[in-house]
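Working notes, structure below.
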Amino acid sequence: MAFVVSNPMKILFTTHQGNLAGATFSLFYLATGLAKRGHEVSCACGEDTLLRQMLAKQGIVKTHDISFKSYLDFRSFQMLGSLATAEKYDVICAQGGRDRNLTIMAKWIYRLQSFIIFTRRQRPRNEPWIKRWYHIKGTAAIVMVSHGLKKLFVSKGYPPKHLPVIHNGVADEQVDPDLVELLRKKYQLNGRLIGCVARKKRQIDLIRALEYLPEACKLLLVGVDEKDFSDVDAFVNNRGRIVCTGLVSNTEARALLSLMDVHVLPSHMDGFGLSTVEAMLLKVPVIGSDFGGIPDVINDGKTGLLYQNGDVEGLASKINSLLGDIELKKRLVEEAYVAAKSSFNLTKTVTAYESLFQSLLSTSR
Numbered sequence: 001m002a003f004v005v006s007n008p009m010k011i012l013f014t015t016h017q018g019n020l021a022g023a024t025f026s027l028f029y030l031a032t033g034l035a036k037r038g039h040e041v042s043c044a045c046g047e048d049t050l051l052r053q054m055l056a057k058q059g060i061v062k063t064h065d066i067s068f069k070s071y072l073d074f075r076s077f078q079m080l081g082s083l084a085t086a087e088k089y090d091v092i093c094a095q096g097g098r099d100r101n102l103t104i105m106a107k108w109i110y111r112l113q114s115f116i117i118f119t120r121r122q123r124p125r126n127e128p129w130i131k132r133w134y135h136i137k138g139t140a141a142i143v144m145v146s147h148g149l150k151k152l153f154v155s156k157g158y159p160p161k162h163l164p165v166i167h168n169g170v171a172d173e174q175v176d177p178d179l180v181e182l183l184r185k186k187y188q189l190n191g192r193l194i195g196c197v198a199r200k201k202r203q204i205d206l207i208r209a210l211e212y213l214p215e216a217c218k219l220l221l222v223g224v225d226e227k228d229f230s231d232v233d234a235f236v237n238n239r240g241r242i243v244c245t246g247l248v249s250n251t252e253a254r255a256l257l258s259l260m261d262v263h264v265l266p267s268h269m270d271g272f273g274l275s276t277v278e279a280m281l282l283k284v285p286v287i288g289s290d291f292g293g294i295p296d297v298i299n300d301g302k303t304g305l306l307y308q309n310g311d312v313e314g315l316a317s318k319i320n321s322l323l324g325d326i327e328l329k330k331r332l333v334e335e336a337y338v339a340a341k342s343s344f345n346l347t348k349t350v351t352a353y354e355s356l357f358q359s360l361l362s363t364s365r
């Protein structure tokens, strides 16, 4: 569907990250989505990042090689300031910690007229009041990817009105059945598969839960290596029941996700839970930690199940209930699919960002 905007905006996204992670794909979908609506969109990121490669292949978002190597990277600061001065962006939306710091500095030193927006995707760390003041004072808004994440920021002293909530949007893409079978054979995936697609978080809960699951169950950990858990007794004792893939492409991750009987996101840091939505779209039943933004995605008892971090027996009980209760699994999967399609689609996310940016610009005209 083609979109025509009456007042196209000039938008710059920045990130010091951009490699294999959920945030990279979220930013890619957002930037290309806004570009397809007729806005002039650019992205400043490292030259060798996955994000840069993806954007170059798409060809509708301009890219600029700024690496943001540190919070006080003077060269990146100069490059950003010069670029923003020349291009006169309406909005600069910073995604990573280092570039967030430098965008405010550039606005103040170079006297940029651009609105500075942050997107925050993970829980706030312990930070001095001066950093909180700096971020609030230097931005027009700080986007939260969930209501749960917003509560965490408010508890740290951020004003609620400064924190609009815009959920991440997820692409509903089909998986290649040939790739699925190839990966099944490669990793020798048989029996009941309990899985997690994530970088290292609280997968230790899942590993310890194996003790309470049927012997036929295997644990599939996508995105982490064996060495991440080599000092964990439960991992060593159950080595034959655990498969760790390490980092894989997004295409392979989704193919592996489709093989799972249950997907679990055990986390103490997630502001949203992109892999959980992907599982819901693939009609894989989901369980997640009752933390941060995960309850925004999982409506406990309706679209999935929640457990408390560290409650290994409770987690195992919920997994067993999904494995043994066909009617429960069917009901949760069906409601989850509808919720994912309606609440976490890309069009909704792009529209929300577009509306936020335009509302800020309208106040200055």
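Note that full-length UniProt numbering gives residue 126 to position 126 of the sequence shown, counting from 1, and the numbers run on in steps of one.
We put the CB at the ideal spot given by N, CA and C, even for glycine.
Treat the numbers as computed from the prediction; the structure is a model and nothing was measured.
Query raised in the report: For Gly96 versus Thr15, is the C-beta spacing smaller than 8 Å?
Result: Locating residue 96 in the sequence shown gives position 96, where the first residue counts as 1. Locating residue 15 in the sequence shown gives position 15, where the first residue counts as 1. In contact: Gly96 and Thr15 (Cβ atoms closer than 8 Å).
Query raised in the report: Quick one, which of Glu327, Gln174, Leu219 and Leu323 has its alpha-carbon nearest Ser258's?
Result: On the sequence shown, position 258 is the one that residue 258 refers to. Nearest option by C-alpha distance: Gln174.
Query - Segment contact flag, the region 208–222 with the region 230–245, C-beta cutoff 8 Å, min 3 pairs - result: yes
**Report entry** Within the region 67–94, ranges of the beta strand (DSSP E) (whole runs, at least 3 residues)
**Finding:** 91–94
Query raised in the report: CB-CB under 6 Å to Leu315, same chain, minus the five flanking residues each way: which ones, in chain order?
Result: As a position in the sequence shown, residue 315 is number 315, starting the count at 1. Taken in chain order, the residues that qualify are Asp205, Ala209 and Tyr307.
Query raised in the report: Whose C-beta lies closer than 6 Å to the C-beta of Gly148 among residues of the same chain, with five residues either side of it excluded?
Result: The residue you call residue 148 lines up with position 148 of the sequence shown. Cβ neighbours of Gly148 beyond the five flanking positions: Gly292, Gly293, Pro295 and Asp296.
**Report entry** Coarse secondary structure for Val61, derived from DSSP in three states
**Finding:** On the sequence shown, position 61 is the one that residue 61 refers to. Residue state, collapsed to three classes: coil.
Report task. For the region 334–343 and the region 224–235, state whether three or more C-beta atom pairs, one from each stretch, are separated by less than 8 Å. Result -> no
Requested in this report: Run the proximity test for Ala56: is its beta-carbon closer than 7 Å to any non-hydrogen atom belonging to the ligand MG?
Outcome: The ligand MG is not among the ligands present in this structure, which contains no ligands whatsoever.
**Report entry** Limits of the beta strand (DSSP E) - the one that Phe115 falls within
**Finding:** As a first step, residue 115 must be located in the sequence shown, where it is residue number 115. First-last of the beta strand (DSSP E) with Phe115: Phe115 to Arg120.
Query raised in the report: Would Thr139 be called buried (16 or more neighbouring beta carbons within 10 Å of its own) or exposed?
Result: Translated into positions along the sequence shown, residue 139 becomes position 139. Thr139 should be labelled buried.
Report task. Below 6 Å CB to CB, which residues in the same chain sit around Leu112 once its five sequence neighbours on both sides are set aside? Result -> Taking the sequence shown and counting its residues from 1, one reaches residue 112 at position 112. Cβ neighbours of Leu112 beyond the five flanking positions: Ala84.
Query raised in the report: Taking the alpha-carbon positions, what's the Arg202 to Ala86 distance?
Result: Residue 202 sits at position 202 when you count from the first residue of the sequence shown. Residue 86 sits at position 86 when you count from the first residue of the sequence shown. Going from the Cα of Arg202 to the Cα of Ala86 covers about 45 Å.
Query raised in the report: Is it buried or exposed for Met1, if we count other Cβ within 10 angstroms and need 16 for buried?
Result: Taking the first residue of the sequence shown as 1, we reach residue 1 at position 1. Confidence at Met1 is low in this model, with a pLDDT of 43, below 50, so the placement of that residue is unreliable and no value is reported for it.
Query raised in the report: Exposed or buried, which one is Arg100 when buried takes at least 16 other CB atoms within 10 Å?
Result: To locate residue 100, count along the sequence shown from 1; it is residue 100. With 16 or more Cβ atoms within 10 Å of its Cβ, Arg100 is classed as buried.
Report task. Check whether the Cβ atoms of Ala44 and Leu12 sit closer than 8 Å, and answer yes or no. Result -> As a working note, residue 44 is residue 44 in the sequence shown. As a working note, residue 12 is residue 12 in the sequence shown. Taking 8 Å as the Cβ cut-off, Ala44 and Leu12 qualify as a contacting pair.
Query raised in the report: How is Glu40 classed by DSSP in three states: helix, strand or coil?
Result: Within the sequence shown, the letter at position 40 stands for residue 40. It is a strand residue.
Requested in this report: Check whether the Cβ atoms of Thr49 and Gly18 sit closer than 8 Å, and answer yes or no.
Outcome: The sequence position of residue 49 within the sequence shown is 49, counting from 1. The sequence position of residue 18 within the sequence shown is 18, counting from 1. Contact: yes.
Report task. Out of Lys10, Ser321 and Val145, state which residue places its alpha-carbon closest to the alpha-carbon of Phe272. Result -> The residue labelled residue 272 in the question sits at position 272 within the sequence shown. Comparing Cα-Cα distances from Phe272 to each of Lys10, Ser321 and Val145, the minimum goes to Val145.
**Report entry** Three CB pairs or more closer than 8 Å across the region 162–176 and the region 344–354
**Finding:** yes
**Report entry** Terminal residues of the beta strand (DSSP E) in which Tyr110 lies
**Finding:** In the sequence shown, residue 110 corresponds to position 110, counting from 1. No beta strand (DSSP E) holds Tyr110; DSSP gives it neither H nor E.
Query - Proximity below 8 Å, CB of Leu332 to CB of Leu256 - result: In the sequence shown, residue 332 corresponds to position 332, counting from 1. In the sequence shown, residue 256 corresponds to position 256, counting from 1. Going by C-beta atoms, Leu332 is not nearer than 8 Å to Leu256.
**Report entry** Helix, strand or coil at Phe13 [DSSP, three-state]
**Finding:** Here residue 13 refers to the residue found at position 13 of the sequence shown. In this structure, Phe13 counts as strand in the three-state DSSP scheme.
Query raised in the report: Of the residues Glu181, Trp133 and Ala198, which one's Cα is nearest the Cα of Pro159?
Result: Taking the sequence shown and counting its residues from 1, one reaches residue 159 at position 159. Measuring from the Cα of Pro159, the nearest candidate turns out to be Trp133.
Query raised in the report: Do Gly46 and Arg37 come within 8 Å of each other at the CB atom, strictly closer than that value?
Result: Position 37 of the sequence shown, counting from 1, holds the residue named residue 37. Position 46 of the sequence shown, counting from 1, holds the residue named residue 46. It is not a contact, given that the beta carbons lie outside the stated cut-off.
Query - Coarse secondary structure for Tyr158, derived from DSSP in three states - result: In the sequence shown, the residue the question calls residue 158 occupies position 158. Coil.
Query - Euclidean distance between Cα positions of Asp176 and Glu278 - result: The sequence position of residue 176 within the sequence shown is 176, counting from 1. The sequence position of residue 278 within the sequence shown is 278, counting from 1. Using only the alpha carbons, I get a separation of about 15 Å.
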